[in-house]
Amino acid sequence: MAILDEPIKEVLKVKNYINGEWVDSKGKMVDVVNPANCKVIAKVPISTTDEINAAVKAAGEAFPEWRRTPPLARVRCLLRLGELMEEHFEELSRIQTMEHGKTIDESRGETRRGIENVEVAAGIPSLMMGYNLEDIAAGIDEYVIRQPLGVFGIIGPYNFPFMVPLWFAPYAVATGNCIVLKPSSEDPISQMKIAELAEEAGIPAGVWNLVNGGRTVVSGMLDHPDIKGICFVGSTPVARDVIYNKCGQTGKRVIAQAGAKNFLLVMPDANLQNTIAACMTSFYGNAGQRCLSGANLLIVGEGLDDREYEAFCKKITNAFVDAASKIRVGYGLDESVQMGPLRDKEKKERVVGFINKGIDEKAKLRLDGRKIKLVGNWPHACFLSPTVFEDVTPDMTIAKEEIFGPVGSIIKARKFDDAIDIIHASPFGNAAAIFTNNGKLAREFQYRVQCGNIGVNIGIVAPMAFFPFSGMKDSFFGILHGQGQESVRFFTESKVVIQRWF
Ligand code: NAD
């Protein structure tokens, strides 16, 4: 067991970045704790209304000039930002492991995905082009131009502290808007580092602002008349009842990506080894704290008689439990570790509450993650090992609610249609995947299932930066999605010009 060098050596003081200045907040400071070893690694401010107002003002004042800056000049700043992120790739990844708990490989994947969004946004001169048609009537031409709106607010969740804000920020800035970004106060260090790199990349003062904190900052954004739109990623109650609701009342554009409960179907003809391997990363990667995590495994017995179906369920369940029991849990800066801790003690206790509920509701506990086995000698405070329940029925709490932890529920679905009905009974619609070699069935699955991100023999359906990050039902509120071309449309408004010359 070798622990990689930790890039954070002493307790960092997280600051706000407003109008090109690093400023101390007047708000209360709270601890950021490394969940693996329980050490305080930073203090983050809970900023005040005055501070969020100052950031919005700075962004509004920077907008006219940034908007007039030619797209290629804006892109040069982003290309430089991408280069700087590459130069700091390993440091940025290790910071994520320290502030969040995920394994270093997961952090490196997150860093890569974040940088890819910067790279895709660098295509803005082409992505932002309008279109035209001459002679819509004799001698009259008509065309559409896309223009930035002004200031956007970006609010991040704790589970992907580096990547998620980058689903939006590079596109907002590339299209000529200015941003005020609020990371999760639980792991704000990555975003402080990104803002430092944005400054070094030459993004002008006021274009990229960072304000740390919680509800006060979010309310300040929602209430502010100069904020034209909000990009939010977080839990469903906040996305729907706070963000979407308030943006509707105030006429702001909104992307609100929310909670999930994802289903993976395994069909009798699926490749067992590959399916189980994909399930392990899907259910237990990021310690289950991923909106695309597998949560319910549906074993489907289409085409099997009862005896064959029972044997198939047993085979899949045993292979799943066996693989889950071998996952190496520990500090993510140990490269041999496959699963890190939960983000904090409260999140762990919440997951334990679901495990207890599963037992109360008579699901069969096949692997008990409360019996913690660690690689290395770390405090158990935030750790759980993988948990597996079998004989779960769709009406049980563990099958219905978002657990957001390393707990897998195995559910029997005798027929393909039963599986679709079970998925559709869920209020969520973020992701679903099918494991099969039957192309017709896979096509039927993709055609019918009401989820935004669909996998065929893929366990984690994370769209690349040039595709939209979708979501349906209680997993998404809005029309346009983050990333790629849809993001460009979100951050611009179309203006139609009709002209003729006498
Ligand atoms: P959260 O809703 O608790 O917090 C998200 C953000 O909102 C944070 O910045 C937080 O400070 C702020 N916030 C929290 N409560 C608030 C309130 N009452 N009023 C105003 N602001 C508030 O979510 P989280 O725990 O940070 O993240 C996990 C959730 O995010 C899970 O439900 C997960 O499924 C979801 N998520 C969804 C996606 C997606 O693309 N659909 C991606 C990642 C995470």
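Residues in the sequence shown are numbered consecutively from 417, following my numbering.
Ideal placement from N, C-alpha and C gives every residue a C-beta, glycine not left out.
When the distance is taken between beta carbons, is residue j closer than 8 Å to residue i?
i: Q607; j: P573; result: no
i: A815; j: V808; result: yes
i: V449; j: D834; result: no
i: A452; j: P757; result: yes
i: Y587; j: S903; result: yes
i: V634; j: I571; result: yes
i: L582; j: I520; result: no
i: V654; j: Q673; result: no
i: K444; j: W438; result: no
i: A740; j: G622; result: no
i: A617; j: C493; result: yes
i: V767; j: G821; result: yes
i: Y433; j: A611; result: yes
i: V823; j: G704; result: yes
i: V560; j: G546; result: yes
i: S891; j: A676; result: yes
i: I850; j: F736; result: no
i: I462; j: K609; result: no
i: V491; j: I457; result: no
i: E522; j: N702; result: yes
i: M579; j: V534; result: no
i: L680; j: H504; result: no
i: I914; j: E481; result: no
i: K429; j: K455; result: no
i: I771; j: Q754; result: no
i: T513; j: G748; result: yes
i: I671; j: F906; result: yes
i: T852; j: M683; result: yes
Just grab the DSSP bridge partners of residue i for me.
i: K750; result: Looking at the sequence provided, one finds Asp at residue 750 rather than Lys. Beta-bridge pairing links D750 to I419.
i: I571; result: K598, F648
i: F851; result: V682
i: M445; result: P461
i: N869; result: A847
i: S910; result: R562
i: L428; result: A458
i: A676; result: A676 pairs with nothing; no bridge assigned.
i: F892; result: Q673
i: D440; result: Looking at the DSSP assignment, D440 forms no beta bridge with any residue, so it has no partner.
i: D557; result: Q915
i: G592; result: None; G592 has no bridge partner.
i: F736; result: In the DSSP output, where bridge partners are listed per residue, F736 has none listed.
i: G875; result: Beta-bridge pairing links G875 to no other residue.
i: G887; result: The partner list for G887 (beta bridge, DSSP) is empty, contrary to what the question assumes.
i: V745; result: M755
i: Y433; result: W438, L626
i: G898; result: F885
So, is the C-beta of residue i closer than 8 Å to a C-beta in chain D?
i: R529; result: Structure shown: chain D not included; a single protein chain is present.
### Query
Is the number of C-beta pairs between the region 877-894 and the region 855-864 that are closer than 8 Å three or more?
When Cβ pairs closer than 8 Å are counted between the two stretches, the region 877-894 is seen not to touch the region 855-864, the count staying below three.
### Message
Closer than 8 Å is the cut-off here; do at least three beta carbon pairs connect the region 788-798 with the region 841-854?
### Response
no
### Query
Would the region 686-705 and the region 558-570 be scored as touching if the rule is three or more Cβ pairs under 8 Å?
no
### Query
Per the contact definition of three or more C-beta pairs closer than 8 Å, is the region 592-602 in contact with the region 630-646?
yes
### Task
Assess, as a yes-or-no matter, whether the region 707-722 is touched by the region 524-540 under the definition of 3 or more beta carbon pairs within less than 8 Å.
no
### Message
Runs of 3 residues minimum, wholly inside the region 598-669: which ones carry the beta strand (DSSP E) assignment?
### Response
624-626, 643-649
### Task
Output the residue ranges of the alpha helix (DSSP H) runs that lie fully inside the region 483-552 and measure 4 residues or longer, sorted by chain position.
487-503, 505-516, 520-537, 540-543
### Task
Tell me the start and end of each unbroken alpha helix (DSSP H) in the region 680-729 that is at least 4 residues and wholly inside, in chain order.
688-700
### Message
Does the contact criterion of 3 or more C-beta pairs under 8 Å hold for the region 627-639 versus the region 597-604?
### Response
yes
### Task
Tell me the start and end of each unbroken alpha helix (DSSP H) in the region 762-841 that is at least 4 residues and wholly inside, in chain order.
813-816, 832-841
### Message
Check whether the region 548-556 and the region 774-787 are in contact - that is, three or more C-beta pairs closer than 8 Å.
### Response
The count of Cβ pairs closer than 8 Å, one atom from the region 548-556 and one from the region 774-787, stays below three, leaving the stretches out of contact.
### Query
Would you say the region 460-473 touches the region 776-785, given that touching needs at least three Cβ pairs under 8 Å?
no
### Query
Can you find at least 3 beta carbon pairs, one from the region 887-905 and one from the region 867-877, that sit closer than 8 Å?
yes
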